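Here is the structure we will look at.
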Amino acid sequence: MKIKAYIDTNIYIYVALRNTSYYSKCKRILRDMINRRFEAFGSNLIAIEILGSLSKINTHIAHGALKAYLSMPIRNLDITNKVLLMASYINECVNVRYDAIHAALMFENNICNIITNDVDNWRKIKENIGQIKSLLEENKIMIDIEDLNIITPYSYLDYVNL
């Protein structure tokens, strides 16, 4: 069975910038996604973050990276009012800013795998998932996620080979 994974913005950024430390590992992740080795998820927030962060460096690279993202076989999840409200509760618990929106999208769509190199923010979410669930439930928002799997570019092959 294919894993379902939300792909964080930094994976795309490392490929777009040909980051010397992460380029080959992140390119492998994206190649596997294109070959549908796993079921990939994202959102328009990823596209916004790609455009915004890369435009600070080079608008031409930003444009190319955005076009590449939009052409990939990703299921883009909708950022609804409910997702934004969930994100505000997540952010109250762990203050991870935009990653709270990504986490809310994952929780709303029952996706427990995040492929990212931003381990610090996602570890905060993972370590406080019980508190997050309680706050959401107090506010009549139920989620089924019990745990998160934080998959880094270095641990990626361990997950897809399961």
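Offset between the sequence shown (1-based) and the numbering used here: plus 1316. For each residue, glycine too, the CB sits at the ideal point set by N, CA and C. Model, not experiment: these values are computed from the prediction.
If you draw a straight line from the C-alpha of residue i to the C-alpha of residue j, how long is it?
i: N1477; j: R1347; result: 15 Å
i: E1454; j: D1460; result: 15 Å
i: L1452; j: Y1414; result: 18 Å
i: C1409; j: N1397; result: 19 Å
i: Y1475; j: V1435; result: 16 Å
i: L1393; j: N1335; result: 27 Å
i: K1318; j: I1445; result: 24 Å
i: G1380; j: F1357; result: 20 Å
i: S1404; j: L1361; result: 15 Å
i: R1352; j: S1450; result: 35 Å
i: S1340; j: S1369; result: 21 Å
i: I1448; j: K1343; result: 33 Å
i: R1391; j: N1437; result: 23 Å
i: E1355; j: Y1385; result: 15 Å
i: S1387; j: V1331; result: 15 Å
i: S1471; j: K1320; result: 16 Å
i: Y1338; j: I1427; result: 24 Å
Tell me whether residue i is buried or exposed, calling it buried when 16 or more other Cβ atoms sit within 10 Å of its Cβ.
i: D1324; result: buried
i: N1374; result: exposed
i: E1443; result: exposed
i: I1329; result: buried
i: M1422; result: buried
i: E1462; result: exposed
i: K1372; result: exposed
i: M1402; result: buried
i: S1359; result: buried
i: N1411; result: exposed
i: N1433; result: buried
Quick one: does the C-beta of residue i sit closer than 7 Å to a heavy atom of the ligand ZN?
i: I1427; result: Because no ligand of any kind appears in the structure shown, any question about the ligand ZN cannot be addressed here.
Considering only the alpha carbon of each residue, which of the options lies closest to residue i?
i: L1473; options: I1431, S1404 and E1462; result: I1431
i: I1364; options: I1457, K1320, E1424 and N1326; result: N1326
i: L1333; options: A1378, E1355, F1354 and S1359; result: A1378
i: V1399; options: N1411, S1337 and I1417; result: I1417
i: L1382; options: V1331, R1391, Q1447 and L1367; result: L1367
i: E1424; options: S1471, I1457 and W1438; result: I1457
Rounded to the nearest angstrom, how far is the Cβ of residue i from that of residue j, given a contact under 8 Å?
i: N1465; j: N1429; result: 5 Å
i: A1420; j: I1441; result: About 10 Å; that fails the 8 Å criterion.
i: P1469; j: I1350; result: Contact doesn't hold; Cβ gap of about 16 Å is too wide.
I want to see whether chain C comes within less than 8 Å of residue i, judged by CB atoms only; does it?
i: I1457; result: Absent here is chain C; the protein component of the structure consists of one chain.
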